[in-house]
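K.L.:
Handing you a structure now.
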Amino acid sequence: MTVLKPEVWVSIVAALIITGIMIWLLDKYSPYSAQNNASLYPPNCRKFTLKESFWFALTSFTPQGGGEAPKALSGRTLVAAYWLFVVLMLATFTANLAAFLTVERMQSPVQSLEALARQAKINFTTTNNTAIYEYFDNMATAEEELFRVWKELTLNSTGDQSKYRVWDYPIKEQYTHILKVIDETGPVARAEDGFQKVLANEKGQFAFIHDASEIRYEVYHSCDLTEVGEPFAEQPYAIAVQQGSHLQDEI
């Protein structure tokens, strides 16, 4: 589980084991325990053997509690400190679990190119020297040109310049950001390399932007891949055949 770190889980188990052993030792050697001074206590008083001590330490984490506590003052002092530890651990676990579930619920999966550009958790790339990379390069260039024109309007306008303030720039530079991430991640030379990068990422935090038809083909042949979002920048393709060819009817 990711609610608590592994070191915390190990510490809890170690505290449980050590407390169980300490309760057993104190009940066994204390002159005021039920085992060593039975005349001071009722006849059916709980005796803390090693097994019973471990069971007491374990059930202290439940809402019912561990049950009857040791009779000796030394054992009661140890149990009081252990119960304080249990309360703190349960409170920490509850708080972390609530935060964990809240964050998981608020995190929506990436379902569009815009959502991919807004987040910083998932890296992505595309194939180098292809129409896809050229598309992002052209769109980033267009965004830069639009911003240049807007800046010139801001600086050179003789009218109401408040309409052209730089901080009111209305266009989101998402393609510039996408191209920057692709260049930092490194475009792949072949589509096979891109799909392999997706499969090699153990946390599933890598995306490959590629031709929709080829992605669907790979998804069809690999259960470890999935396609998200709607296609974008669709290009018209056609199939040329001879006039009057029988392929017209078959296609």
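First residue of the sequence shown: 1, per UniProt numbering; consecutive thereafter. Even glycine gets a Cβ: it sits at the ideal position worked out from N, Cα and C.
Quick one: grab the DSSP three-state call for I18.
P.N.:
Along the sequence shown, one-based indexing puts residue 18 at 18. Here DSSP, grouped into helix, strand and coil, assigns I18 to helix.
K.L.:
Between the segment 25 to 34 and the segment 63 to 76, do three or more beta carbon pairs fall short of 8 Å?
P.N.:
yes
K.L.:
With DSSP run on the structure shown, which of helix, strand or coil describes M106?
P.N.:
What you label residue 106 is simply residue 106 of the sequence shown in a count that begins at 1. Unreliable placement is indicated for M106, whose pLDDT of 49 sits below 50; no coordinate value is reported for it.
K.L.:
Checking 8 Å against the spacing of the C-beta atoms, do A117 and H177 come in under that value?
P.N.:
To locate residue 117, count along the sequence shown from 1; it is residue 117. To locate residue 177, count along the sequence shown from 1; it is residue 177. Remark: C-beta atoms of A117 and H177 approach each other more closely than 8 Å.
K.L.:
Less than 8 Å between the CB atoms is what I'm expecting for T185 and N123, so what's the real figure, rounded?
P.N.:
Position 185 of the sequence shown, counted from the first residue, corresponds to residue 185. Position 123 of the sequence shown, counted from the first residue, corresponds to residue 123. About 5 Å separates the two Cβ atoms, so the contact holds.
K.L.:
Give, in chain order, every unbroken run of the alpha helix (DSSP H) that is at least 4 residues long and sits entirely within the segment 184 to 222.
P.N.:
Correct list: 191 to 200, 212 to 221.
K.L.:
Which residues mark the beginning and the end of the beta strand (DSSP E) in which T125 is found?
P.N.:
Residue mapping note: residue 125 aligns to position 125 of the sequence shown, counting from 1. Note, T125: beta strand (DSSP E), 123 to 126.
K.L.:
Could you tell me the distance, in whole angstroms, from the CA atom of K180 to the CA atom of Q242?
P.N.:
The residue labelled residue 180 in the question sits at position 180 within the sequence shown. The residue labelled residue 242 in the question sits at position 242 within the sequence shown. Cα to Cα, the separation comes out at about 45 Å.
K.L.:
Start and end of the alpha helix (DSSP H) containing D224?
P.N.:
Translated into the one-based positions of the sequence shown, residue 224 becomes position 224. Per DSSP, D224 belongs to no alpha helix (DSSP H) and is neither H nor E.
K.L.:
If we ignore side chains and look at the alpha-carbon of each, how far apart do F85 and F100 end up?
P.N.:
Here residue 85 refers to the residue found at position 85 of the sequence shown. Here residue 100 refers to the residue found at position 100 of the sequence shown. So the two alpha carbons sit approximately 22 Å from each other.
K.L.:
Here's the rule: buried if 16 or more other CB atoms are within 10 angstroms of the residue's CB, otherwise exposed. What is W24?
P.N.:
Residue 24 sits at position 24 when you count from the first residue of the sequence shown. The residue is buried, with at least 16 neighbouring Cβ atoms inside 10 Å.
K.L.:
Assign residue 252 to one of two classes, buried (16 or more other C-beta atoms within 10 Å of its C-beta) or exposed (fewer than that).
P.N.:
Because the chain is modelled from 1 through 251, residue 252 falls outside the range shown and cannot be assessed.
K.L.:
Excluding the five sequence neighbours on either side, which residues of its own chain have a C-beta within less than 6 Å of the C-beta of T19, listed in chain order?
P.N.:
On the sequence shown, position 19 is the one that residue 19 refers to. Around T19: A57, Y82.
K.L.:
Take the Cβ of E218 as the centre, count every other Cβ of all protein chains shown within 10 Å, and call the residue buried at 16 or more, exposed below.
P.N.:
As a first step, residue 218 is located in the sequence shown; it is residue number 218 there, counting from the start. So E218 counts as buried.
K.L.:
So, for A34: in the same chain, excluding its five sequence neighbours on each side, which residues have a beta-carbon less than 6 Å away from its beta-carbon?
P.N.:
For the purposes of this step, residue 34 is taken as the residue at position 34 of the sequence shown. Taken in chain order, the residues that qualify are Y41, C45, K47, K71.
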